[in-house]
Structures are given as structure tokens and as C-alpha cells.
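To keep things clear, I will list the structure first and then write my remarks on it.
Here's what the structure looks like:
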């Protein structure tokens, strides 16, 4: 690469530092009236093929990033967020009952569903509007997408565990009871930690007896 | 001129487009984690001698106009705040002694430092509070910033003008230490004058050792 | 040693026009010119005195007038110059801050000490004091020069410029949602559980029925030979919940046996231990 002459360097510096594109005359005026034609031509050629180009728009010259590098200036960054409890429930209901309308989702959940909740599921690409139900009011009905299946590693919706399996896994217990048991076991853990494990172990055993009685009863 | 590869072009484009200087890691992150070391080296070399240069200040890289173009570009824009003499001296003391407390600055200048003086330097972004010295009263200590390096065109603090000479001359050590050394060497001289030259040389050597130790410590 | 005067005249406030770095090496001619001017217009010199940042600043300027290396400076000459400066300022009725006068007094002391014969010197010796002053002047001079060199560098925004109109880098945030298979399935389970019709079930409690209590008490009474306390009839290793039920049932059983004439009850006081024994034995006696 041949070293640029001082005039070319000056034009380069002036255009680089300029806050606005400049005409040839403005550049020239800035440099004491020098003829900058050759310098501009040299620079254009020099920057051709680089990450930055010297371009002329109308009569105005300016540096800009090369067109094929434009995408670098806008970089996307993913922000991973966990689905809220409400959204998870909605998604589950849609998956198990699809296609369902919003009113149906609400009746299954037993609580109202905020509009944003379904939007989140659609933004995530797991739920889509699947037409309208032909009933009065023609409500929109929702269904899961192919992305949904692939995200959860399912071949098809039939791979979702059935109610019997859910029960066997203890997933059909009312929340309160599951909560209580959870709290109990935590309390026991804590007690064990604090050293008077003996007393609590006994208590636990009794509890278990009662529970196994319960279960026997239920299965009977 | 050999055509730059795409990574080099990308680094060039990103640094041209950036509104602020960037660290190598930031550039790399922006380009999907690519190793940009070689690209930066290529670009620095390529722009060396042009009207625009790629420079490294501290850990930050940016393009700037070549220093010899200052006269052409300075124009009417006198944006740089003129610092008072007090402020320039404070800045120099902080830069050459950092981290340093206000009391230490005052002891060098022999005069109290108006509160506003340090504020001006902090507002300019050249000085920051850098914790407290663990001595009675726990005074705040001050140090220079990355912006300081960028503004004054320093690659690192080691590039401070005359730093090595000042250090070699012992002018960056506290008066007390210099006193001791000076008195020692005078005593030795007297001894030497009275005929014992051997001791003098030895003493001298020790002195040098101490100084070079100091320097090692600083750069560590 | 300079201490800190805190009135405005000591340290120059930052907004007072400062000597530009270029004039920093003391310009003797300019100084003399100022002094000349000041004879007509004392206020002018006042501004210059005010421009000094404390006595050390003046001392450094005076030292520079000796035009020798600061390491070889004559402290005695410097002291004389300073005292003369203070005198002149006094003649011109310039307001001097306490700092300047304290320094003058200290320097006068230093001078007399330096002139004394060595034997009479105290500790620290005047040579040490002079050396300390010299070292301080060297350090201030070094920093002043460093500041000037620093300010003369190619400074960003003054000598060198960054790109005038950078396109800017934008980072767009895109949300990616995350949900685990287990969370999904569990959520459905809980929805179903929450909304399932509620069925109440009474837990089976551990009880001792009246029948079993009756048979237990009567069989135990049959082999007993003396009064027995009611509690002795309870199953010994029962769980506390069962114990309560057993106590109640056994009490009712005891009453029933008494009613049938098979047992007799005794209680010494209210809430005292309830005792019972077989009636057969009573008949036998």
C-alpha cells in the first residue's frame, strides 16, 4: 500500500470528523481551497472493499459502514425468561384440550386470564389462533404449534401424560395438600438439621401410617 | 493493497460505527465471540500513517484523526474545557502518584485544594474515587480513569510523559523517604571524603537496588 | 509547613484567571513589569499575589529566578528573596494571607539557624530543614512540569477527533421464553386438581370401640385380685390418640359393668383416681 499524501490524509480526517456529509467545495474550503478531487477519488478507491466505504450521495461525501456490514450494527440479544405460572397453565390447558377458546380456558382454570398471557404464548411461538368456534360470538380458538412439540420434545400431543399417569405421579393432588406435605417435609428436614431428629422421626412415622391408611381407603 | 478479510472488515465497521471506544471483548462479543486480536493488529497497522488512526487507550480501542491534522480540524470548536492551574496540577499529581489522597495532593502543592477542583476533574470523567486508604481517618483516595487515558492519548499509565525519569530521580517518592536517602548519601559522602571510598560505592549500589525494586512494584 | 490558610486570599479560587502553562517557567521580566505597573496601580500586583497558590508557589517561582538546578539552589538566597517579597508586598499595603507570614517567620528562623555555628544547632538541624524545603520545591516543580506536558499532549476533542457522526451500535433485546416439560404437566395437574369437584373424606381415626373396651376390662377384671385403677386397663403401648379413645371407652365399659353388677367402682375424691374391682370377689368374702 502506498502511503497517502498529506492532502488525501487531510480529506480523510476531515470527512471522518465531520458531523454531516460535506460537498467537495466545503471540504476544499476547509483545507484552504485545495483541489480535493484526486484525494476523494483516491480515498473512494482505497476504502472500496473495506468495512467502511467513502460514498457520494448527490453532491455530499461521507463515510459509512459497508452495506454488507450493516447487520452488524444492529445486533439481537436474546433474553431468556421463564414462563409465568398463569401462562404455563394456559399453555397446558391449550395443549390438553385444543382447540379451545379463551372462555373455555378460563372455565377450566377457574380464574380469568389476562390478555397478555395468551400474547406471551403466541410470542413464544407455542400457541396460534386456529380459527373461530362456530357458536354465538364466534370466539377465537387456540391450538399449539409445531414449535411447541419440538420445544417440549414431543412427537405429538398424544405423548402428553394422561390423567391416570398424572395421578400416579402425585400431580393431581390439590395444591393445598401438596403444599402441606411439602411444608411438612421441610419442617422435618429443618428439625433434623437442628439436631432433635428423634422426636420428629416418630411424628413422621405416625403421619405416614395415617397416610397409608388413607390411601388404602381411597384405593378400596 | 491486499483486500482485508471479512472479520477485519467487520471489526473495522463496528469500531467506525461505535459511539464509544470498545474493549477487545466487547468487539468480540458484538461479532459473536470471534477472536479479533489479529484483525485489530492488522487494522492498526493499516491505518498507521493515514489521516485516521486506530488507537488503543488502556483497554479501549477507537478510531481518531491523526494528531498532525490537529490544526486543520481544531477550527472554531473549542469544546475542551480549559482547566485551572490548580486542576491541572491536581490531575498530574493524581496521575503520577495514584492512588493518592487529598492530603497527599495538598502536601505536594503546599496549599489547600478547593473542593471544586477535584469535582471538576471528576466531572470531566478523568478522575474517580478509588476507595479509601486504610489509615486512621480512612481518607478517600483518587485515581485516573479510562477516559483520562483516552483523552490524553495514553496507551497506559506507563506512557505518562517523563514518568520513568521522574521515578528514577526519586521525585515520585514522599519527601520523608527522599530525606532519609539524601541524608544517608550525604553521610556516606562525608565518610568518603574522609578517605573511605569503598563504602560509598557500596551504598550507592544499594540505593539503586531500592529504586529498581520500587519500579518493579509499581509495574506489578 | 505551609499549613492551610482558609481565607480566599490563600489558594487561588479556580475561577481566577491562571497563568497559562506556557508562562510557567518564571518570567522575570514580566514579573518586574508587573511590579512597575503596580507602583502606579497597587491593585494589579495584588491580583498577581492572589494568583500565587500559597507560599510554596512563590518560593518555587523565586527559586527559578536563581536559574540553577533546584538541587543546587541556594536556600539562603531564596529565603532572602522571599522575605524581600513579603516586605515589598507589605510596603504596597497588599493584603497577605496568614500563610505567607507564617512562612516568612519560619524562613527567618531557618535563616538564623543556618547562620549559626554548627555546634549550637538543635535537632532537626537547619540543614535538614533546608533540605526538606528543597525536596518539596523539587516535587512541586516536577508535578508542574508534568502537568504542562500532559496538557500539551494530543488531546481527544482538541487535537484529535473521534468520528463525527458514528452510526452507533444497537443491541436489540429479543425475549426468548423458557418452560420445562415438567412445569407444563405439573401445571395441568394442578389446574385439574384445583377445579375437580371437591369430595370430603373423613379420615379414619384410631379408636377403641366400646365393645372391645368392655371385653378387655371384663377379662382383666376377672383375673385381678385387688382394686385396680382405671388407667391400668388401657393398652400399655397405645399411641396417644388411641389412648384418649381407650380411656373414654374403658370408662363407659366400667360404668356398664357396674350397672350389670359385675364390678364395683370407688373414687376417693373428685377427679381422683377411679378404681374398680370385680364384684364376684366381694360376694365371695
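Chains as they are written, first to last, in the numbering used here: chain U, 1 to 220; chain V, 221 to 440; chain A, 441 to 725.
For glycine and all other residues, C-beta sits at the position ideal for the given N, C-alpha and C.
Remember, predicted model here, so these are calculated numbers, not experimental data.
For residue 656(A), the enclosing alpha helix (DSSP H) starts and ends at 650–663.
By alpha-carbon distance to residue 259(V), the top candidate from 223(V), 227(V) and 344(V) is 227(V). If the five residues before and after residue 495(A) are omitted, its C-beta is found closer than 6 Å to the C-beta atoms of 442, 539, 540 and 543, all from its own chain and listed in chain order. Taking 8 Å as the upper bound for CB-CB distance, residue 605(A) and residue 19(U) are in contact here, some 5 Å apart. Within the same chain, and ignoring the five residues on either side of residue 580(A) in sequence, the residues whose Cβ sits closer than 7 Å to its Cβ are 496 and 500. Counting only the Cα atoms, residue 95(U) lies some 18 Å from residue 111(U).
Cβ neighbours of residue 678(A) within its own chain (closer than 7 Å, five residues either side excluded): 686. Near chain U, meaning a CB-to-CB distance below 9 Å, the residues of the segment 266–290 of chain V are 266, 269, 270, 271, 272, 283, 284, 285, 286, 288 and 289. Relative to the Cα of residue 333(V), the nearest Cα in the group 363(V), 354(V), 311(V) and 319(V) belongs to 311(V). The CB of residue 237(V) comes closer than 7 Å to the CB of 65 and 73 in chain U, given here in chain order. Here DSSP, grouped into helix, strand and coil, assigns residue 285(V) to strand.
The alpha-carbon separation between residue 675(A) and residue 701(A) amounts to approximately 24 Å. Beyond the five residues adjoining it in sequence on each side, residue 719(A) comes within less than 7 Å, by CB distance, of 701, 702, 703 and 704 in the same chain, given in chain order. At a C-beta separation below 8 Å, residue 250(V) has these neighbours in chain U: 72 and 75. Going by DSSP, residue 88(U) is part of no beta strand (DSSP E) but of the alpha helix (DSSP H) stretching over 85–97.
Contact of residue 12(U) with chain V is assigned, a C-beta pair being separated by under 7 Å. Residue 119(U) and residue 133(U) have their C-alpha atoms roughly 19 Å apart. The beta-carbon of residue 254(V) is placed no less than 7 Å from the nearest beta-carbon of chain U.
At a C-beta separation below 8 Å, residue 399(V) has these neighbours in chain A: 568, 571, 572 and 575. Put simply, of 682(A), 596(A) and 691(A) the residue whose alpha carbon is nearest the alpha carbon of residue 345(V) is 596(A).
The segment 67–82 of chain U makes no contact with the segment 30–46 of chain U: fewer than 3 CB pairs, one atom from each, lie closer than 8 Å.
A Cβ of chain U is located within less than 7 Å of the beta carbon of residue 601(A). Counting other Cβ atoms within 10 Å of its Cβ, residue 549(A) stays below 16 and is therefore classed as exposed. For the C-beta of residue 116(U), not a single chain A residue is nearer than 8 Å; the gap to the nearest is close to 13 Å.
Here the alpha carbons of residue 528(A) and residue 320(V) stand approximately 37 Å from one another. Minimum Cα-Cα distance from residue 570(A) among the listed residues 688(A), 583(A), 554(A) and 563(A) corresponds to 554(A). Apart from the 5 residues on each side of it in sequence, residue 29(U) has no Cβ closer than 7 Å to any other Cβ in its chain. Counting every other CB atom within 10 Å of its CB across the protein chains shown gives residue 50(U) a total of 16 or more, marking it as buried. Between residue 171(U) and chain A, the shortest Cβ-Cβ separation is below 7 Å. Between residue 607(A) and residue 237(V), the C-beta gap is smaller than 7 Å, which places the two residues in contact.
A check of alpha carbon separations from residue 328(V) across 335(V), 289(V), 411(V) and 306(V) identifies 306(V) as the nearest.
Counting every other CB atom within 10 Å of its CB across the protein chains shown gives residue 23(U) a total below 16, marking it as exposed.
Residue 669(A) and residue 713(A) have their alpha carbons spaced roughly 6 Å apart.
Counting of Cβ neighbours within 10 angstroms places residue 56(U) among the exposed residues, the total staying below 16. For residue 115(U), the enclosing alpha helix (DSSP H) has its first and last residue at 115–123.
Only 575, 576, 578, 579, 580, 582, 583, 584, 586, 587, 589, 590, 591, 593 and 594 from the segment 574–594 of chain A bring a Cβ to less than 7 Å from some Cβ of chain V.
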